[in-house]
Amino acid sequence: MKKQQINIAVTGLNAVDSPGPGIAVIRGLKESKHFEARIIGLSYENLEPGIYMRDLVDKVYQIPYPSVGHETLLSRLEYIHRKEKIDVIIPNFDAELFSFIKLAPKLESMGIHSLLPTMEQFDARLKGKLNEYGDKHNILVPRSAVVFNIEELAQTLKTFDYPVMVKGKFYEAYKAFSYEQAQAYFHKISAKWGTPIVLQQFVQGQELNVTAIGDGKGKLIGAVPMRKTYITDTGKGWAGISLADESLVEMARHLVESTNWGGGLELELIKEDSTGDPYLIEINPRFPAWVYLAVGCGQNHPEALVRMAMGEKVDPFEDYDVGKMFIRYSYDMICDLKDFQQIAVTGEL
Amino acid sequence: MRLKKSIAISENGFVFNAARGDSFSTNPIGLFILEMIKAGKDTKVVQQEVTNKYAIDDSTAERDIHDFVKMLKQYDLLD
Amino acid sequence: MTKLRYERPVIKALNTGVTNKFGAQQGFIPHTHIDGVAVKDLIAEHGSPLFVISEKTLRDTYRKAKSAFSTRYPNVQFAWSYKTNYMNAVCNVFHQEGSWGEVVSRFEYEKALRNGVPGDKIIFNGPDKTTDDHRVAIANGSPIHIDHLDELYSLIELSDEMDKRPRVAIRINMDTGIQPMWDRFGFNYENGQAWDAINKIMHSKKLDLIGLHCHIGTYMLAAQAYGVAASKMADLALNIKKKFGHSIHYLDLGGGFASKNTLKGAYLSGSDVAPTFADYAEHISTALLNAGFEPDELPLLILETGRAMVDDAGYLLGSVLANKRLSDGRRATILDFGVNLMFTSFWYEHTISPAQECSQYAEDAVLYGPLCMNIDVIRENVKLPPLNKGDQVVVHRVGAYNMTQWMQFIALRPRIVMVDLDSKVHLVRDSEDLDYMMHLERVPEHLKSFEL
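Residue numbers (this note's numbering), protein chains in the order written: chain A, 14 to 362; chain B, 509 to 587; chain C, 766 to 1217.
Here you go:
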């Protein structure tokens, strides 16, 4: 029997050295056993590599930056929907999630399905609120504080021990060993992502990650823990290995169950060297760029997300392969200027 | 005032400098002017053609074309 | 043959990291009319720049706010915050809709009285009240919101002197989980100052404590902070009932609701992040309804929201004076209004639309005002279609604070008009002229003449 075709719009086509998750998500979708995925890539910039990966991305449209406001985004999506009849949309950037969550009911009424955290869940995991979150859900988190300006930064830092992590609202984090460094990072991050800036006590230990997916009703559908085995000089994982660590899966289950989380999420944790306790550092409200490792371990999270968004009942994954590795590589595509010209001038390819 | 040989201009307003790999986009009137410059017309003629085709007074056209040409120079599109 | 519509030729570099606009389907929508009146007619008739107030938006916004609260809480009263916009026409629209007045100076107080607001419906707030101000407010039966202990003692003295019982509320500041905490106004909740002050009032027996007031901040994006404030206020009111058997008539939650303007430094657009009236109402009314008041003793909820009520209704129209290129190739457009008229451009990235048909080709630009001052920047970086000299623009959401904080500096202040519900245009404040400006000046005799 021929598989049903589903039109899926995906963002995050920036498969660059600090990649967006889009291409990994698309690979999972293309390998689905349940449906035939037709991918509509949504891009922000002309040189996002995914735009030019014609074997993975069937059609590309530029969309406006989230900072422009959701009305503009909506009218662009309406236009794309008229042409492509989108069935499911999967946003993959933290910074755009706010707009997509806000638009979700409207999109649903147009027939565009999604599976996203609610605004409340999204807000609660904001970096500045992690302490509250940890207290509420009984999870260890490093002490953190939110600052809006340099005066507050100076005041607040007096209560921290160095090193301190200085983090942006959406992206970027730096380890500061002195007030001067922290101040420099404050300026650097706030210029790009605005305020507030989050300060977090640095925890010495091993970094671990979990990619997971919840059904929005309190059930964990899948979770795969991973340790980065190679980290680039910019701090990005370039290789990693799936782990057998039930406590990490349990933490994901606990979070998904206690919050009714809907959609993909990534937990960033540090297992403190001295005590072995796992500290939750961050919750990313979307799939990570390495989500294809989960697919490789037998849990196709992107596929599960699309099926749930389409209203199908999906049984939780029972198992995953331990000891599977991902190793990232870079690859030079040869592209024609014609394609660049078309996306740059018309916003479609 | 001459457009560099390496410049390719597309109908949809895409401008490509093959010698440097730079690309640009321009609006329809910018395209109209670029094509005239490419054809070797001097500023006076360009201005004349612009005011013939578009509803605009001479002094505004002159000022804007002057500004446009300055941008072309800044982008290294002129010889 | 008719000639084509002209637009300036532009060329911009594409490439790495540059946001490009995405095709021609989505572009700049010119804002040619305000409530059915053409921008170009408004400027032709009243000059440029020009403030325009939409009566329809004022009333619609008020009704939206009113219904958000009154569908959730039985007993709601709005008080118009004069400082946000004290054009009489604006105030009277709100008074017609049922708002009381909320003032923070004698000047505003007199303005409200002259507009016809009854004294007992003018809330007198703020730290700036002289003994004489107090006398007048007591005589008129206006609710006086006490800011500090000196004011409290002064009112007790006056009640003896005038043999009247001043109607008072006290202003409370508190930790609602948001920063910065406004603790310069009123009495602190957490350290017990507020409870002390309440005890002083109750024991004095000279003052009629009718309300509690707080105002937790400005441009508050966190609606839940109001829930925290409301429950702390309710807690105080219930303790007063328990200890003194005295029912507090109203809880005034102040203002500070965000408008849909985008703050500088914010990544997301203000229209996305600003909570709605319903969001604020939900948190406040849930907190009050669950606080433990007897159903027939639920206090009146007073709201003094200014910014969120009036920002959308105000527009500033202006014209392009000139264009130039900066050294980095960016376009600089000089407009005929600057920070003198748009004080809020210091903290907002105001939305600015062309007022006539425009190109879909946007260009990075800096928008400058006309003042001969480096600080006179309206937008540091904005994508706009190329504008020609003489083109007109519409600045959105300038209804709050600009018409009260504008500066008469270098240039005279322009007209303000209001477009009514039938699209009729009314002059509500004339432009200043030299006579008006010189009216208050006196030149000493020996300086009256000179020879050059």
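Glycine included, each C-beta is placed from N, C-alpha and C at the ideal position.
Practice task
Could you give the DSSP three-state label for Ser924(C): helix, strand or coil?
Solution key: helix
Problem - Nearest-angstrom Cβ-Cβ length linking Thr983(C) and Gly1021(C), presumed shorter than 8 angstroms - result: Yes, they are in contact, since the Cβ atoms of Thr983(C) and Gly1021(C) sit about 5 angstroms apart, within 8 angstroms.
Handout entry: Closer than 8 angstroms to chain C by CB, Lys580(B)
Key = Note that residue 580(B) is Leu in the sequence shown here, rather than Lys. It does; some Cβ of chain C falls within 8 angstroms.
Practice task
Hey, could you find the ends of the beta strand (DSSP E) Glu281(A) is sitting in?
Solution key: Note, Glu281(A): beta strand (DSSP E), Gly275 to Glu285.
Practice task
Could you have a look at Pro118(A) and say whether DSSP puts it in helix, strand or coil?
Solution key: helix
Handout entry: Exposed unless 16 or more other CB atoms sit within 10 angstroms - verdict on Leu779(C)
Key = buried
Exercise for the section: Alpha carbon to alpha carbon, how far is Asp973(C) from Lys182(A)? Give it in angstroms, no decimals. Expected result: 48 angstroms
Handout entry: Trp274(A) versus Pro298(A) - alpha carbon distance
Key = About 9 angstroms.
Problem - Delimiting residues of the alpha helix (DSSP H) encompassing Arg1144(C) - result: Unbroken run through Arg1144(C) is the beta strand (DSSP E), Val1142 to Leu1149; no alpha helix (DSSP H).
Problem - Neighbour list for Leu1205(C) in chain B, Cβ cutoff strictly below 9 angstroms - result: Those do not exist, as Leu1205(C) stays about 43 angstroms from chain B at its closest Cβ, beyond 9 angstroms.
Handout entry: Residues that DSSP places opposite Trp865(C) in a beta bridge
Key = Ala844(C)
Exercise for the section: Answer with yes or no whether the minimum CB distance from Val553(B) to chain C is below 8 angstroms. Expected result: no
Practice task
Just list the beta strand (DSSP E) runs in the region 156-200 of chain A, keeping only unbroken ones of 3 residues or longer that don't cross its boundaries, in chain order.
Solution key: 157-160, 177-180 and 186-189
Problem - Rounded straight-line distance, which links the Cα of Phe843(C) to that of Met1107(C) - result: 27 angstroms
Problem - Under 7 angstroms from the C-beta of Val73(A): neighbouring residues of chain C - result: Ordered by position in chain C, no residue passes the 7 angstroms Cβ test against Val73(A), which lies about 10 angstroms from the chain.
Problem - Within-8 angstroms CB hit, Leu350(A) to chain B - result: yes
Exercise for the section: Return the residues of the region 526-560 of chain B that lie within a Cβ-Cβ distance of less than 7 angstroms from chain C, sorted by chain order. Expected result: Asp530, Ser531, Phe532, Ser533, Thr534, Asn535, Ile537, Gly538 and Ile541
Handout entry: Residues that Ala50(A) bridges to, as DSSP identifies them
Key = Ile19(A), per the DSSP bridge assignment.
Exercise for the section: Mind the definition here: the region 1053-1060 of chain C touches the region 1172-1179 of chain C only if three or more C-beta pairs lie below 8 angstroms; say whether that holds. Expected result: Cβ pair count under 8 angstroms is below three, so no.
Exercise for the section: Return helix, strand or coil for Asp228(A), following the three-state DSSP convention. Expected result: In this structure, Asp228(A) counts as strand in the three-state DSSP scheme.
Handout entry: Distance CB(Phe353(A))-CB(Asn27(A)) smaller than 8 angstroms
Key = no
Handout entry: Positions along the region 56-88 of chain A whose CB lies within less than 8 angstroms of some CB in chain C
Key = If the cut-off is 8 angstroms between Cβ atoms, the region 56-88 of chain A has Tyr57, Glu58, Asn59, Leu60, Tyr74, Gln75, Ile76, Pro77, Tyr78, Pro79, Ser80, Val81, Gly82, His83, Glu84, Thr85 and Ser88 near chain C.
Handout entry: Cβ of Asp584(B) within 8 angstroms of any chain C Cβ
Key = no
Problem - Alpha-carbon to alpha-carbon, Phe859(C) and Glu295(A) - result: 47 angstroms
Problem - Contacts around Ala987(C), its chain only, beta-carbon distance under 6 angstroms, and the 5 residues preceding and following it disregarded - result: Ile943
Practice task
Using beta-carbon positions only, say whether Gln214(A) and Arg156(A) come within less than 8 angstroms of one another.
Solution key: yes
Handout entry: Beta-carbon contacts of Asp258(A) that lie in its chain and below 6 angstroms, excluding the five residues immediately before and after
Key = Pro238
Handout entry: Cβ-based burial, Phe787(C) [other Cβ within 10 Å; buried from 16]
Key = With a pLDDT of only 33 at Phe787(C), under the threshold of 50, the placement of this residue in the model should not be trusted, and no figure is reported.
Problem - Limits of the alpha helix (DSSP H) - the one that Leu87(A) falls within - result: His83 to Glu97
Practice task
Whole angstroms is fine: what's the gap from Arg930(C)'s alpha carbon to Pro176(A)'s?
Solution key: 60 angstroms
Practice task
Run through the region 1185-1214 of chain C for me and flag every whole beta strand (DSSP E) of 3 or more residues, listed as ranges in chain order.
Solution key: 1190-1194
Exercise for the section: Figure out for me which residue from Leu1132(C), Lys1148(C) and Pro1151(C) has the closest Cα to the Cα of Val1142(C). Expected result: Of Leu1132(C), Lys1148(C) and Pro1151(C), the residue nearest in Cα terms is Leu1132(C).
Practice task
Report yes or no: is there a C-beta of chain A within less than 8 angstroms of the C-beta of Ser518(B)?
Solution key: yes
Practice task
Using a Cβ cut-off of 8 angstroms (strictly closer), state whether Asp572(B) contacts chain C.
Solution key: yes
Exercise for the section: Please state whether DSSP places Tyr870(C) in a helix, a strand or coil. Expected result: First, the amino acid is wrong: residue 870(C) is Ser here, not Tyr. Looking at Ser870(C) - three-state DSSP - the assignment turns out to be coil, as it is neither helix nor strand.
Problem - Alpha carbon of Val29(A) to alpha carbon of Met66(A), nearest angstrom - result: 13 angstroms
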